[in-house]
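Residue numbers (our numbering): 6 to 462.
Everything on this sheet refers to the single structure shown next.
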Amino acid sequence: MSKLWGGRFKGKIDEQFDRFNSSFAFDRRLFEVDIRASLAHCDGLEAAGVITRSEAERIRSGLETILKRGKLDPDYFDQHPAEDVHSFVQARLVQLIGDTGYKLHTARSRNDQVATDLRLYLRDEIDNALSLIKKVQTAIVDLAEANLNIPFPGYTHLQKAQPVLFSHYCLAYFESFRRDRERLTEIRKRVNVLPLGSGALAGTNFPVDRNLIAEKLLFDSVSANSMDAISDRDFIIEFTAAASLIAMHLSRLAEDLIIYSSSEFGLIELSDAVATGSSLMPQKKNPDALELIRGKAGRIFGHHIALLTTLKGLPLTYNKDMQEDKEALFDTIDTLAACLSITEIVLRNLRVNPARATEAASTGYMNATDLADYLVRKGLPFRMAHETASQIVLYAIENGKQLEEIPLDKYGEFSSLFQEDVYQAITLDASLSGKAQTGGTSPERVGEALNRAREIL
6 MSKLWGGRFK
16 GKIDEQFDRF
26 NSSFAFDRRL
36 FEVDIRASLA
46 HCDGLEAAGV
56 ITRSEAERIR
66 SGLETILKRG
76 KLDPDYFDQH
86 PAEDVHSFVQ
96 ARLVQLIGDT
106 GYKLHTARSR
116 NDQVATDLRL
126 YLRDEIDNAL
136 SLIKKVQTAI
146 VDLAEANLNI
156 PFPGYTHLQK
166 AQPVLFSHYC
176 LAYFESFRRD
186 RERLTEIRKR
196 VNVLPLGSGA
206 LAGTNFPVDR
216 NLIAEKLLFD
226 SVSANSMDAI
236 SDRDFIIEFT
246 AAASLIAMHL
256 SRLAEDLIIY
266 SSSEFGLIEL
276 SDAVATGSSL
286 MPQKKNPDAL
296 ELIRGKAGRI
306 FGHHIALLTT
316 LKGLPLTYNK
326 DMQEDKEALF
336 DTIDTLAACL
346 SITEIVLRNL
356 RVNPARATEA
366 ASTGYMNATD
376 LADYLVRKGL
386 PFRMAHETAS
396 QIVLYAIENG
406 KQLEEIPLDK
416 YGEFSSLFQE
426 DVYQAITLDA
436 SLSGKAQTGG
446 TSPERVGEAL
456 NRAREIL
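Now the structure itself:
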């Protein structure tokens with residue numbers, strides 16, 4: 006296949022460099038959006054009088070034939086080697102309709118062509134990611150509702166801290182993913198800008214109506230500066246940044262579930278559907294699905310950093326370094342989609358151990374803060390109440406008692422403010438129901454939060 010740029014050269018390209026230079030092995034993924042953009046560009050050329058109606062009809066027919074063949078025959082691409090997807094489409098078009106096919110490239114460059122393809126492709130993939138996140142959120146809400154009033158230990162520094170409801174814990178991740186959806190929705194707006202018509206960098210000499218093309222491709226607007234439009238890969242970096250945050254949230258959730266499902270904690274049980282065993286140790290049930298999600302987060306982070314590193318030193322406008330944006334973007338998209346899908350499966354098959362969770366939420370002096378707050382309600386300044394409660398916890402530890410097991414007369418040795426009602430104040434139910442402010446873990450607030458979550462979905 007002759008090169009789109011071959012006319013200026015006398016010598017033949019080195020075969021090894023030709024392979025090194027080619028991106029068709031991976032940018033063929035842009036095939037369908039390249040056809041879509043080319044069809045819209047054809048309409049623009051026809052409307053501007055650059056090509057005739059007859060020529061436009063032949064070009065459109067050829068492009069649609071190529072699209073059908075590409076969809077139906079997986080070997081279609083390998084049968085026709087090319088430098089890139091744009092070269093492939095043009096060569097197939099000329100093969101089908103003759104020299105008229107060459108007219109399609111009037112008023113465009115591969116520079117604005119690939120920028121347009123990437124935006125079209127990423128726009129679709131953002132929509133898919135939004136759908137996958139919503140499925141994870143729905144699974145979270147379903148899990149929370151199925152285990153609505155089960156107490157659960159809350160941790161700071163991975164040390165027992167205060168009891169919460171398991172449903173409250175679930176909704177914490179719902180909020181993380183809500184922000185992720187908001188970010189992607191905002192990024193989509195900046196993706197949805199048409200660069201086609203910017204040419205190689207300076208624009209085009211032909212009166213093609215860019216707004217017409219934008220309308221046909223469902224772009225919200227056209228780019229304001231041709232040099233910026235060709236240079237810009239911010240939209241990809243924004244996406245990989247957002248993907249990194251999503252992956253981080255998925256990884257944190259995976260880490261939680263790995264810990265909580267361990268035999269030492271036993272708070273939840275993972276389904277056999279998302280676990281594997283050991284080739285040596287018969288008893289093992291390994292949380293491989295979650296470990297892979299945790300591991301693949303680093304892969305997504307790496308792509309984000311790689312893109313920043315690639316682009317940081319590039320002068321305006323297009324440089325071949327930018328070919329490196331595609332594999333990083335594509336793998337980020339694929340990895341993120343897989344992690345989201347597997348997370349939903351994990352959540353759909355997860356079982357909580359209510360007895361173990363309640364026991365864990367009731368021990369370890371997780372009601373010590375409630376003890377301090379009891380003294381505050383009796384009039385003691387919080388710092389003094391904290392000190393008193395700390396001394397009582399130390400006494401309880403040294404004497405092998407829970408706070409509920411300490412006699413009232415012993416409480417009286419620490420403070421004269423203690424009365425019989427202290428025991429009611431430090432029950433598990435009192436601890437949970439007392440957190441009744443907006444965002445708290447009381448059953449009433451969690452119920453309201455679940456209703457809001459359903460409304461958001």
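Each residue gets a CB set at the ideal place from its N, CA and C atoms; glycine is no exception.
Everything numeric in this text was worked out from a predicted model, so none of it was measured.
- Counting along the chain, ALA247 sits inside the alpha helix (DSSP H) bounded by residues 239 to 265.
- When rounded, the separation of the alpha-carbon atoms in ASN154 and LEU170 is 6 Å.
- DSSP places VAL99 outside any beta strand (DSSP E); the residue lies instead in the alpha helix (DSSP H), whose first and last residues are 90 to 102.
- Exclusion of the five residues before and after SER283 leaves LYS289, ASN291 as the residues of its chain whose Cβ lies within less than 8 Å of its Cβ.
- Counting the other Cβ atoms within 10 Å of the Cβ of THR443 gives fewer than 16, which makes it exposed.
- Look at the stretch 262 to 296 and you find no whole run of alpha helix (DSSP H) that is 4 residues long or longer.
- Boundaries of the alpha helix (DSSP H) harbouring PHE171: 171 to 196, taken from the DSSP string.
- Of all alpha-carbon atoms in TYR400, ASP104, ALA366, the one lying nearest the alpha-carbon of LEU437 is that of ALA366.
- With a cut-off of 8 Å on Cβ pairs, the stretch 390 to 408 is in contact with the stretch 367 to 378, counting three or more such pairs.
- Remark: three or more beta-carbon pairs, one from each stretch, lie closer than 8 Å, so the stretch 97 to 112 and the stretch 61 to 73 are flagged as touching.
- Counting C-beta pairs closer than 8 Å gives three or more between the stretch 193 to 201 and the stretch 223 to 240, which meets the contact rule.
- For ARG63, the closest C-alpha among the options SER421, GLU37, PHE93, LYS108 is that of LYS108.
- Burial state of THR121 is buried, judged by a 10 Å Cβ sphere holding 16 or more other Cβ atoms.
- Between the stretch 408 to 424 and the stretch 348 to 360, the count of C-beta pairs closer than 8 Å stays below three; the two stretches do not touch.
- Between ALA112 and VAL55, the C-beta gap is smaller than 9 Å, which places the two residues in contact.
- The three-state reading of DSSP puts TYR81 in coil, since its state is none of H, G, I, E or B.
- Secondary structure at PHE224: coil, using DSSP grouped into helix, strand and coil.
- Within the same chain, Cβ atoms closer than 6 Å to the Cβ of PHE179 are found at GLN142, ILE145, ALA458, the five residues on either side in sequence being excluded.
- Cβ neighbours of ILE192 within its own chain (closer than 8 Å, five residues either side excluded): ILE131, PHE240, GLU243, PHE244, ALA247.
- Excluding the 5 residues flanking it on each side, ILE138 has same chain C-beta neighbours closer than 8 Å at PHE182, ASP185, ARG186, LEU189, ILE251, LEU345, in chain order.
- Distance check between ARG124 and each of VAL38, GLY300, SER267, LEU385 places VAL38 closest, using alpha-carbon atoms only.
- Judged by DSSP secondary structure, PHE25 falls within the alpha helix (DSSP H) whose first and last residues are 20 to 26.
- Under the three-pair Cβ rule at 8 Å, the stretch 157 to 167 does not count as touching the stretch 72 to 84.
- Between LEU258 and ILE264, the alpha-carbon positions lie close to 10 Å from each other.
- Contact between ILE298 and LEU255 holds: CB atoms are separated by about 5 Å, below the 8 Å threshold.
- The Cβ-Cβ distance between LEU222 and ALA61 does not fall below 9 Å.
- For THR443, there is no enclosing beta strand (DSSP E), as DSSP marks it with neither H nor E.
- Of GLU410, LEU319, GLY369, the smallest CA-CA separation from PRO158 is found for GLY369.
- Per DSSP, PHE157 is one residue of the beta strand (DSSP E) stretching across 156 to 161.
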